[in-house]
Amino acid sequence: MSFLNQNPEQSEQKDQDQANSKPNFSLVINWLRQVFVYSIVTLVSVAIVVTIVLDLPFSLYVNVPIQTNHATDRVLNNALGLTARSQLIPEPIASNNRENFVTAAVKKVGPAVVRIDTERTIATQAPDIFSDDPLFRRFFGKDFFPERPQMPREFRQHGQGSGIVIKPDGTILTNAHVIDGADDVEVKLRDGRTFRGKVLGLDVVTDIAVVKIDGTDLPVAPIGSAENLQVGDWAIALGNPLGLDNTVTLGIISTLSRPSNQVGIADKRIDFIQTDAAINPGNSGGPLLNQNGEVIGINTAIRPDAQGIGFAIPIDKAVAIETKLAQGKTISHPYIGVSMVTVTPDLIADLERDPNAPRIEPGTEGVFVTRVMRDSPAAIAGLKLGDVITRIKGQKVTNTGQVQKLVENSRVNQPLRIVVKRGSSNLTLTVKPQELQTANLR
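Per the working numbering, residue 658 is the first one in the sequence shown, and the count goes up by one each step.
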């Protein structure tokens, strides 16, 4: 009876409740799709973050072929705010493209780098093994051995260095110390051709030499400039160190305009490019390149007490010297005849501790004269040990490099006004530079 008397509204509510109790599969499917998309986005985001934090190459992830359908691409791109698949997954770099700026530079310049072999005759006095031995003289007496002139003995000394062909006519730049005093100069190209080299000229003060070979189809290196170099620029050294032909080393420009007295070769008149590209004996005369494969310097010197410290002559200076030497001209180098050091607080303090040393007033800036050569232009003009050079030609000087440049740029016999501080007095002296006798520097 209760069933027949049931309220119709209650019956409808019951039917609705039963319908709501049935599972809604469309909602479940939508929820699963969202979970899938969010999971993919999360995994990709984590991979990108790990790659950036650990500095891993992204190519590790993109070089593996990935197969996706367009729907997945759209989901991922929309989730990350991207509009194209290429933005998410870059195209992998072709595996056969192995050339970089170093290999490109070596291909461009390498054929023009030459090996230079030299021979020179060295004459010595052959010792008398009996008369020169103190044991024999003590036993037999010095009068037992008659005085005999020692016989000269000669032997051939071999040397080896590098060079660079800079003109199609066979003009080669190298260092003066590579070929100085050589009787025979042999030039070998990378392609195996060998030529007899003719020395057109050399200048020991700047350590530049010019050698000429006669050949056809000679490779020529492109000449750049050192004027716009910056510390940190790439530097590539080519040459034949220790007889190891075609050696390439890579580094950077460590500093510019390094004075020769800081390099440890105060008798040279040059400001060097310093590099940490490995330079060794045999590299001398070879080129230093920039990242474009242009010659920016001539490798010249190293510090034997250190590693990663090499020096090259700026190519602009080398080419200027080469032009004169190739024409048979000599390079003029004025000198005044002093040894000097830059005034520093440490130098002033050291002089204060020595009762016999000259005194320098605190705060003085300039160059301290440590030696005046006898009969030199400086000695004739009245410079003395202990003087502090403060001005030359009206220009203030604070280091030895400035003095060296001003003297080098002067002319022989042209009066040079030099202001020195002697004690508490300032004196103006007139010095006439003379020609440096380079024969004494060999």
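From the three backbone atoms N, C-alpha and C, an ideal C-beta is built for every residue, glycine too.
Residue environment, residue i, which counts as buried when at least 16 other CB atoms sit within 10 Å
{"i": "M1030", "result": "exposed"}
{"i": "Q887", "result": "exposed"}
{"i": "H834", "result": "buried"}
{"i": "V862", "result": "buried"}
{"i": "Q1061", "result": "buried"}
{"i": "P1090", "result": "buried"}
{"i": "K925", "result": "buried"}
{"i": "E979", "result": "buried"}
{"i": "V1088", "result": "buried"}
{"i": "F968", "result": "buried"}
{"i": "I779", "result": "exposed"}
{"i": "P1034", "result": "buried"}
{"i": "K1078", "result": "buried"}
{"i": "N885", "result": "exposed"}
{"i": "S917", "result": "buried"}
{"i": "A883", "result": "buried"}
{"i": "G1080", "result": "exposed"}
{"i": "L1040", "result": "buried"}
{"i": "S696", "result": "exposed"}
{"i": "I612", "result": "This structure does not reach residue 612, given that the chain is present from 658 up to 1099, and the question cannot be answered."}
{"i": "T932", "result": "buried"}
{"i": "S819", "result": "buried"}
{"i": "P1002", "result": "exposed"}
{"i": "S1082", "result": "exposed"}
{"i": "F852", "result": "buried"}
{"i": "I686", "result": "exposed"}
{"i": "L982", "result": "buried"}
Beta-carbon gap between residue i and residue j smaller than 8 Å
{"i": "P971", "j": "V1064", "result": "no"}
{"i": "I955", "j": "L830", "result": "yes"}
{"i": "F1025", "j": "I1037", "result": "no"}
{"i": "K1053", "j": "L1073", "result": "no"}
{"i": "A762", "j": "G1043", "result": "no"}
{"i": "G854", "j": "V842", "result": "yes"}
{"i": "V998", "j": "T904", "result": "no"}
{"i": "A975", "j": "I836", "result": "no"}
{"i": "V1045", "j": "V1000", "result": "yes"}
{"i": "E1092", "j": "V1069", "result": "yes"}
{"i": "E756", "j": "R813", "result": "no"}
{"i": "T1047", "j": "G1020", "result": "no"}
{"i": "V844", "j": "I823", "result": "no"}
{"i": "S1108", "j": "D928", "result": "Outside the shown range of the chain, which is 658 to 1099, sits residue 1108, and nothing can be said about it."}
{"i": "G965", "j": "I821", "result": "no"}
Per-residue DSSP class, three states only, for residue i
{"i": "S1082", "result": "strand"}
{"i": "D973", "result": "helix"}
{"i": "L1093", "result": "coil"}
{"i": "T1087", "result": "strand"}
{"i": "R777", "result": "strand"}
{"i": "D730", "result": "Confidence at D730 is low in this model, with a pLDDT of 47, below 50, so the placement of that residue should be treated as unreliable; the coordinate-derived value is given next. Three-state result, D730: helix."}
{"i": "D1007", "result": "helix"}
{"i": "N1070", "result": "coil"}
{"i": "V856", "result": "strand"}
{"i": "G900", "result": "helix"}
{"i": "L819", "result": "One point to set straight first is that residue 819 is Ser, not Leu, in the sequence displayed. Reduced to three states, the DSSP call for S819 is strand."}
{"i": "I1075", "result": "strand"}
{"i": "K765", "result": "helix"}
{"i": "E1018", "result": "coil"}
{"i": "R847", "result": "coil"}
{"i": "K1053", "result": "strand"}
{"i": "L830", "result": "strand"}
{"i": "I697", "result": "helix"}
{"i": "E756", "result": "coil"}
is_contact[residue i, chain D] using C-beta, thresh 8 Å
{"i": "G767", "result": "In the displayed structure, chain D is absent; only one protein chain is listed."}
Inset, instruction - Mind the definition here: the segment 851-871 touches the segment 981-997 only if three or more C-beta pairs lie below 8 Å; say whether that holds. - result: Flag = yes, the segment 851-871 and the segment 981-997 touch.
Legend entry - Stretch pair the segment 763-774 + the segment 876-886: three plus CB contacts closer than 8 Å: Short answer: they touch.
Legend entry - Three CB pairs or more closer than 8 Å across the segment 889-900 and the segment 942-958: Short answer: they touch.
Legend entry - Inter-stretch contact (C-beta, 8 Å, three-pair minimum) for the segment 939-946 and the segment 898-905: With a cut-off of 8 Å, the segment 898-905 and the segment 939-946 count as touching, because enough Cβ pairs lie within range.
Inset, instruction - Counting only runs of 4+ residues fully inside the segment 923-989, write out the alpha helix (DSSP H) ranges in chain order. - result: Inside the segment 923-989, DSSP marks whole alpha helix (DSSP H) runs of 4 or more residues at positions 972-983, from first to last along the chain.
Legend entry - Segments assigned alpha helix (DSSP H), at least 4 residues, entirely inside the segment 866-911: Within the segment 866-911, no run of alpha helix (DSSP H) at least 4 residues long lies entirely inside it.
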